[in-house]
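> Numbering (this note's numbering), first residue to last: 2 to 234. Glycine is no exception: its CB is placed at the ideal position from the N, C-alpha and C atoms. Once you've had a glance at the structure underneath, I'll fire off some questions.
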Ligand SMILES: [Fe+2]
């Protein structure tokens, strides 16, 4: 038995129509029209849901997300307002999602008034406990900020500042099979030992080509393998 979920990222919905020279609402609508015909068990939104974190932008986004009829799980990005985000979605900023034999652990890597990310002691403890105390066979970790150099024009200084703290936890647990993020607005896949690392495209615009928009669709197999299909529109 396999299960699957979709990750979208960096939607940058705003009160203004044009954001970074694109219509982020129209672009997200395209993406959602595409994914609503697919079969999947959960939708993950990995930060920068909005461009300026206003309550009205979260409302706008939630209206758009109504076309998706699976559970939606969100985490903050540097453009979000943590309080407005958690109020709008009535959620904590870090979560554990159960999907069959798998669990997905979402983390809050956002620092106040900084573009780069950091995992606090509390977030690291949350991760450690979620991995070690679970009945799920396999774990996926998801956060906003990249944890390895992006091998591109992306300024890696804007990524997670303390990836070594994350790696020191996942190195101890063979049940972690993948780490996912957004923030860099580009698609990339990395291998780290037996763990897959996936960077998800933005639904608004890519910083580093192609000029299209996209999302990641993951399949979680019962033998612990994970497959990822990046779909471009
Ligand atoms: Fe972003």
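1) Classify residue 112 as helix, strand or coil using the three-state DSSP reduction.
2) According to DSSP, simplified to helix, strand and coil, what is residue 185?
3) State buried or exposed for residue 215, treating a residue as buried only when at least 16 other CB atoms are found within 10 Å of its CB.
4) May I ask which residues mark the beginning and end of the beta strand (DSSP E) holding residue 96?
5) Would you tell me roughly how many angstroms separate the C-alpha atoms of residue 129 and residue 165, rounded to the nearest one?
6) Use the C-beta contact count for residue 28: other C-beta atoms within 10 angstroms, 16 or more gives buried, fewer gives exposed.
7) Quick check: is any heavy atom of ligand 1 less than 8 Å from the C-beta of residue 203?
8) CB-CB under 6 Å to residue 220, same chain, minus the five flanking residues each way: which ones, in chain order?
9) For residue 103, which residues does DSSP report across the bridge?
10) From which residue to which residue does the alpha helix (DSSP H) around residue 63 run?
11) With a cut-off of 5 Å, give the chain-ordered residues whose Cβ is closer than this to any heavy atom of ligand 1.
12) For residue 235, which beta-bridge partners are listed by DSSP?
13) Going by alpha carbons, who is nearest to residue 145 out of 138, 110, 86, 38?
14) Pull up the CB-CB distance for residue 1 and residue 148, whole angstroms please, since I reckon it's below 8 Å.
15) Considering only residues of the same chain and omitting the five flanking positions on each side of residue 61, which have a CB-CB separation below 6 Å?
16) Provide the residue span of the alpha helix (DSSP H) that contains residue 83, from first to last.
17) Can you list, in chain order, the residues of its chain whose CB lies under 8 Å from that of residue 40, leaving out five sequence neighbours each side?
18) Might you give, ordered along the chain, the residues of its own chain that have their beta carbon closer than 8 Å to the beta carbon of residue 120, omitting 5 neighbours on each side?
19) Considering residue 35, what are the terminal residues of the beta strand (DSSP E) in which it resides?
20) Quick one: measure Cβ to Cβ for residue 23 and residue 205, integer angstroms, because I've assumed they're closer than 8 Å.
21) Quick one: what does DSSP say residue 157 is sitting in, helix, strand or coil?
22) Starting from the Cα of residue 86, find the closest Cα among 134, 49, 171, 118 and give me that residue.
The short version:
1) In the chain shown, residue 112 corresponds to position 111, counting from 1. Coil.
2) Position 184 of the chain shown, counting from 1, holds the residue named residue 185. It is coil, neither helix nor strand.
3) Indexing the chain shown from 1 puts residue 215 at position 214. Buried.
4) Start at 1 with the first residue of the chain shown, and residue 96 comes out as number 95. Looking at the DSSP string, the run of the beta strand (DSSP E) that includes residue 96 is 96–100.
5) Here residue 129 corresponds to residue number 128 of the chain shown, with the count starting at 1. Here residue 165 corresponds to residue number 164 of the chain shown, with the count starting at 1. Cα to Cα, the separation comes out at about 14 Å.
6) Numbered from its first residue, the chain shown carries residue 28 at position 27. By the 10 Å Cβ count, residue 28 comes out buried.
7) On the chain shown, residue 203 is found 202 positions in, with the first residue counted as 1. True, at least one ligand heavy atom lies under 8 Å from that Cβ.
8) In the chain shown, the residue the question calls residue 220 occupies position 219. Contacts found: 3, 5, 228.
9) Within the chain shown, numbered from 1, the residue matching residue 103 stands at position 102. Paired residue(s): 100, 139.
10) Residue numbering aside, residue 63 sits at position 62 when the chain shown is read from its first letter. Its alpha helix (DSSP H) spans residues 56–66.
11) 11, 49
12) As displayed, the chain neither begins before 2 nor continues past 234, which places residue 235 out of reach and without an answer.
13) Counting from 1 along the chain shown, the entry for residue 145 is found at position 144. Closest by alpha carbon: 110.
14) In the structure displayed, the chain extends from 2 to 234; residue 1 sits before or after that span and is not available.
15) Taking the first residue of the chain shown as position 1, residue 61 is located at position 60. Closer than 6 Å at the Cβ level, and outside the excluded window around residue 61, lie 14.
16) As a first step, residue 83 is located in the chain shown; it is residue number 82 there, counting from the start. DSSP places residue 83 inside the alpha helix (DSSP H), whose first and last residues are 83–90.
17) Residue 40 sits at position 39 when you count from the first residue of the chain shown. Excluding sequence neighbours, residue 40 sits near 5.
18) If you number the chain shown from 1, residue 120 lands on position 119. Only 108, 110, 128, 144, 161, 163, 166, 167 meet the Cβ criterion.
19) Counting from 1 along the chain shown, the entry for residue 35 is found at position 34. First-last for residue 35: 25–36, but that is the alpha helix (DSSP H), not the beta strand (DSSP E).
20) Counting from 1 along the chain shown, the entry for residue 23 is found at position 22. Counting from 1 along the chain shown, the entry for residue 205 is found at position 204. 6 Å between Cβ atoms; contact.
21) One-based indexing of the chain shown puts residue 157 at position 156. Note: residue 157 maps to helix in three-state DSSP.
22) Taking the first residue of the chain shown as 1, we reach residue 86 at position 85. Comparing Cα positions, the closest option is 49.
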